[in-house]
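Residue numbers (my numbering): 55 to 400. Here a beta-carbon is modelled for each residue, glycine too, at the ideal position from N, C-alpha and C. Below is one structure, written out as structure tokens, with a few remarks after it.
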């Protein structure tokens, strides 16, 4: 299948289809793709002939691996304002999806991470499958769960959202459903049939999805849920690590070790973002996301994290500040509040 058009749009029988079409990059989002999706949704929300929208990703590996972080890295090095535009328009898209007045169905099969969460989980009808791997891995690259991710994580039960945000670990369908990140479990083998049925009955999207859905697999976080709620309800990242190690379990030690590989600045920014997002609207969170993302880009860790993970791939980032203790609350507040050169919602 040609990748010349990075997003394939079509309308069949009242179903507007958005197919992300960069399978070799697991459909990672760039500026062009976001612009196409924004334009399509703006058009379809007022088009009475369109009864529902279906978002899918071409290729076998997943819906969407996130944003095009190589492009983000290039903009950081060049000092251009491309990231300001990219993040700003991406967050407009996230809000448009959340407020879309018709059923917005997302097939979250395979890898659905970062920006892939943003293009799916804000929708009204979220479908996970046996291949789903959903996560917000941004602390690994010196970022934070943007695209309104902290808004979603703050709504997860107990301290599961804080666990997912700080560790960046992906989870499968069962945990995604339990965390409130999805609504339906449908087997991968049925997705083509579901899409065809949605094209026949777009006004009955919910009934179609219920017809094809089956019992979800077990929540893989359930066995650690008590420990997650205990450790990740602590009042600081440092205390979370203390509680994890005090568990005296292999899981607790491994989880603490994993968190300690992440950017200390990103961890504290993520912690504060999730802690406060529960009292904010999605629009308020997205506005803060733009400030936070741009401000993190002014520091070392975002460029360094991307370098270590996807440019040089040495997996050995040199974080600055290097420790949690060196990240002051004043620095965290500066990152969260310093105005960006534009707003998401003008």
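My understanding is that residue i touches residue j, with C-beta atoms under 8 Å, so please give their C-beta distance in whole angstroms.
i, j, result
"residue 183", "residue 245", "7 Å"
"residue 120", "residue 170", "6 Å"
"residue 370", "residue 362", "6 Å"
"residue 320", "residue 196", "5 Å"
"residue 162", "residue 180", "6 Å"
"residue 92", "residue 150", "6 Å"
"residue 222", "residue 316", "7 Å"
"residue 234", "residue 210", "6 Å"
"residue 31", "residue 109", "Nothing can be reported for residue 31, as the shown portion of the chain is limited to 55 through 400."
Could you tell me which of the options sits nearest to residue i, measuring between CA atoms?
i, options, result
"residue 72", "374, 79, 97", "97"
"residue 136", "144, 145, 126", "126"
"residue 278", "289, 251, 306, 292", "306"
"residue 347", "299, 397, 366, 379", "397"
"residue 394", "382, 301, 94, 142", "142"
"residue 193", "400, 387, 314, 62", "314"
"residue 122", "341, 150, 301, 81", "81"
"residue 117", "188, 132, 70", "188"
"residue 337", "269, 400, 392", "400"
"residue 198", "350, 383, 285, 392", "350"
"residue 165", "112, 178, 209, 138", "112"
"residue 249", "66, 357, 88, 298", "66"
"residue 381", "210, 291, 359", "291"
"residue 326", "159, 389, 146", "389"
Span of the alpha helix (DSSP H) holding residue i?
i, result
"residue 83", "No alpha helix (DSSP H) holds residue 83; DSSP gives it neither H nor E."
"residue 365", "Element bounds for residue 365: n/a, residue is neither H nor E."
"residue 127", "123 to 132"
"residue 221", "214 to 221"
"residue 147", "136 to 152"
"residue 103", "First-last for residue 103: undefined, no H or E at that position."
"residue 116", "That residue, residue 116, is in no alpha helix (DSSP H); it is neither H nor E in DSSP."
"residue 228", "227 to 232"
Tell me the residue span of the beta strand (DSSP E) that contains residue i.
i, result
"residue 110", "106 to 111"
"residue 65", "61 to 66"
"residue 70", "69 to 74"
Measuring only between beta-carbons, confirm whether residue i sits less than 8 Å from chain D.
i, result
"residue 199", "Of the protein chains in the structure, only one exists, and it is not chain D."
Worksheet item: Can you list the alpha helix (DSSP H) stretches of 4 or more residues lying completely in the segment 236 to 280, in chain order?
Response: 245 to 254, 259 to 266
Discussion item. Quick test of the definition: if touching needs 3 or more C-beta pairs under 8 Å, does the segment 226 to 233 touch the segment 263 to 274?
Written reply: yes
Worksheet item: For the segment 194 to 204 against the segment 301 to 312, are there 3 or more C-beta pairs whose distance is under 8 Å?
Response: The count of Cβ pairs closer than 8 Å, one atom from the segment 194 to 204 and one from the segment 301 to 312, stays below three, leaving the stretches out of contact.
Worksheet item: Okay, do the segment 326 to 335 and the segment 366 to 380 touch, 3+ Cβ pairs below 8 Å being the bar?
Response: No: the two stretches stay apart, fewer than three of their Cβ pairs being nearer than 8 Å.
Discussion item. Would the segment 252 to 263 count as touching the segment 100 to 111 if we require 3 or more Cβ pairs under 8 Å?
Written reply: yes
Discussion item. Could you tell me which whole alpha helix (DSSP H) segments of length 4 or greater appear in the segment 272 to 323?
Written reply: 279 to 285, 291 to 300, 304 to 313
Fill in: Inside the segment 150 to 216 only - alpha helix (DSSP H) runs reaching at least 4 residues
169 to 172, 203 to 208
Worksheet entry | 4-residue-minimum alpha helix (DSSP H) runs that sit fully inside the segment 329 to 366, ordered along the chain | 336 to 351, 354 to 360
Discussion item. My parser needs the alpha helix (DSSP H) runs of 4 or more residues fully inside the segment 368 to 395; what are they?
Written reply: 383 to 391
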